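Worksheet for the structure shown next.
Right under this line is the structure:
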């Protein structure tokens with residue numbers, strides 16, 4: 001906490017209502033600096049590597065382990081610490097600020113004799129120092145000299161000084177950003193320039209460096225369980241939300257809003273808990289095997305699982321939650337590939353810009369090519385209709401659902417497969433002719449899934465069509481479409497010794513002919529497809545179930 005917040009005394013007065021998710025995505029805390037009487041906003045990011053240094057994970061564990069509601073963000077601190085203010089009782093945040101201001105402005109305060117302080121119960125700083133000394137002594141007895149990762153003689157105050165020095169190591173950070181973030185008491189002139197020149201953008205840069213990211217100027221995405229809403233089935237996602245409610249029942253759901261933590265904050269810390277759940281479980285199992293002690297946090301997690309299963313009749317396990325964590329980690333690392341791309345062997349900023357530019361160029365080229373092909377095919381269709389108006393043929397243009405643009409049927413199976421998912425062509429049939437074309441495309445997609453003879457997983461389409469995740473999804477979809485095109489034509493060519501199919505209609509006719517002339521091979525392909533689908537070897541999160549062939553369609 002000191003590494004993140006700076007001055008230790010300020011965190012005693014932080015309130016839950018002061019914690020939120022900023023518009024730029026990071027965790028944001030408004031905290032009053034007691035000694036300088038300034039309300040400051042602090043940007044907090046998820047740790048890039050280590051869960052032990054992740055403030056998101058620390059907040060999540062604290063929320064899960066809370067035994068009673070409280071307005072304080074850190075409810076144990078005011079109750080466990082003895083106040084330095086008169087009466088040695090816990091003061092409110094406003095009363096503490098007024099006391100410090102009056103103490104500084106009181107005339108002749110230096111002439112009055114200083115009252116001898118009666119030390120009461122140890123405060124939080126004393127407790128942290130005792131813990132550090134105890135751990136250092138244990139490690140010293142076990143291994144002498146101390147390991148390189150441990151430095152002897154440090155106190156809790158060293159954490160704040162060390163974090164400032166660590167942040168100052170970055171050449172892109174200015175000293176006034178760091179001094180303001182840590183609430184260091186400087187002379188008035190320096191403080192004036194620091195407060196005038198410091199904005200939340202600079203504080204975000206400091207927060208990224210403290211969190212262990214490579215570049216303080218690149219964006220950092222915050223994980224959230226809402227990412228799983230696009231991936232998990234609706235029932236499973238509802239079970240996840242119920243589990244979140246059980247875990248955070250002491251910090252949410254109260255009529256008194258000062259006792260509640262913001263929902264977006266809970267979504268972010270819940271995602272961090274799931275991301276690191278496997279590491280926590282392994283560490284607890286190792287400790288339990290050696291000492292016999294278990295984790296209160298993991299115990300509360302199991303209690304929440306049991307309560308959720310009893311209420312919903314579900315069968316959630318710790319392994320299920322760990323699987324959710326793997327999906328969240330993959331999504332979070334994909335969004336932060338520029339910041340976390342340490343294995344790329346170069347400047348990540350340049351790599352990120354290059355990849356983004358390449359994806360944008362590919363998308364623009366695809367759109368331009370589609371428009372050119374559409375214009376050419378439209379002219380050809382109009383010419384054919386003018387020459388032979390009575391001739392009936394399948395239309396080549398499919399109108400989209402908004403009736404404002406058109407997309408030409410592709411002349412490769414890969415193009416048919418790609419357009420089916422990107423343009424969601426199962427919604428495009430508005431008249432009888434278009435229904436014929438959609439029927440050919442529907443049959444084409446199912447035949448490619450059957451004849452390819454491979455395991456296939458098609459993820460759901462991302463909601464944000466301008467983001468990097470959508471471009472990566474389209475790139476992966478095209479790679480899959482091209483692979484299925486080759487495997488489908490190769491498999492059918494071995495059975496009927498014919499050339500490649502290039503359109504959905506020709507593939508459908510070829511499939512019907514194979515069903516009549518080579519029934520044994522047809523049944524073998526269908527049986528293998530049913531077996532793969534039953535073993536979840538074929539998963540399609542995009543196409544409606546009504547458009548996918550079932551076993552009864554092969555009889």
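Numbering (full-length UniProt numbering), first residue to last: 1 to 555.
Yeah, the Cβ is synthetic: ideal placement off N, Cα and C, and Gly gets one too.
Since the structure is predicted, the reported quantities are computational estimates derived from the model, not experimental observations.
Would you mind stating whether residue 525 and residue 450 have Cβ atoms separated by less than 7 Å? yes
How far does the alpha helix (DSSP H) with residue 458 in it reach, from first residue to last? Unbroken run through residue 458 is the beta strand (DSSP E), 456-458; no alpha helix (DSSP H).
Less than 7 Å between the C-beta atoms of residue 42 and residue 55, yes or no? no
Going by other Cβ atoms of all chains shown within 10 Å of its Cβ, with 16 needed for buried, is residue 330 buried or exposed? exposed
If you follow the beta strand (DSSP E) that residue 538 is in, where does it begin and where does it stop? 538-540
In its own chain, which residues sit with a C-beta less than 6 Å from the C-beta of residue 305, not counting the 5 before and 5 after it? 316
Ordered list of alpha helix (DSSP H) runs contained in the stretch 230-269, each at least 4 residues: 234-247
Spatial neighbours of residue 460 within its chain, please: C-beta separation below 8 Å, excluding the five flanking residues on both sides. 230, 231, 541, 542
Tell me, which residues are paired with residue 41 by DSSP? 30
If we ignore side chains and look at the alpha-carbon of each, how far apart do residue 458 and residue 70 end up? 45 Å
Measuring only the C-alpha atoms, how far is residue 128 from residue 135? 11 Å
With the cut-off set at 7 Å, would you say residue 216 and residue 208 are in Cβ contact? yes
Simplified DSSP assignment, three categories, for residue 72: strand
When the Cβ atoms of the stretch 318-336 are set against those of the stretch 247-260, are three or more pairs found closer than 8 Å? no
Return helix, strand or coil for residue 15, following the three-state DSSP convention. strand
Going by the CB atoms, is the gap between residue 74 and residue 251 shorter than 7 Å? no
Where residue 550 falls, given that 16 or more other Cβ within 10 Å makes a residue buried: exposed
So residue 441 and residue 504 are supposed to be a Cβ contact under 8 Å. How far apart are they, rounded? 5 Å
Distance, Cα to Cα, residue 477 vs residue 276? 30 Å
Roughly how many angstroms lie between the CA atoms of residue 443 and residue 59, to the nearest whole one? 51 Å
Limits of the unbroken alpha helix (DSSP H) element including residue 302: 296-312
Which residue marks the beginning of the alpha helix (DSSP H) containing residue 420, and which one marks its end? 413-422
If you draw a straight line from the alpha carbon of residue 201 to that of residue 24, how long is it in whole angstroms? 10 Å
Residues that DSSP places opposite residue 579 in a beta bridge: In the structure as shown, the chain starts at 1 and stops at 555, and residue 579 therefore has no counterpart that could be examined.
Helix, strand or coil at residue 323 according to DSSP, with G and I counted as helix: helix
Taking the alpha-carbon positions, what's the residue 493 to residue 419 distance? 24 Å
Using a threshold of 7 Å, state whether the C-beta atoms of residue 479 and residue 452 are closer than that. no
Jot down the residue ranges of each uninterrupted beta strand (DSSP E) in the stretch 507-537, minimum 3 residues, whole runs only, in chain order. none
Report the three-state DSSP secondary structure of residue 473 (helix, strand or coil). helix
Please state if the CB of residue 28 and the CB of residue 20 are separated by a distance shorter than 7 Å. yes
Separation of residue 435 from residue 378, as counted between CA atoms: 18 Å
Would you report the Cα separation of residue 509 and residue 456, rounded to the nearest angstrom? 24 Å
Tell me which residue opens and which closes the alpha helix (DSSP H) that residue 65 is part of. 55-65
Just to confirm before moving on: does the CB-CB distance between residue 225 and residue 271 stay below 7 Å? yes
Mapping DSSP to helix, strand and coil, what is residue 500? coil
Return the CA-CA distance between residue 300 and residue 472, expressed in angstroms with no decimal places. 38 Å
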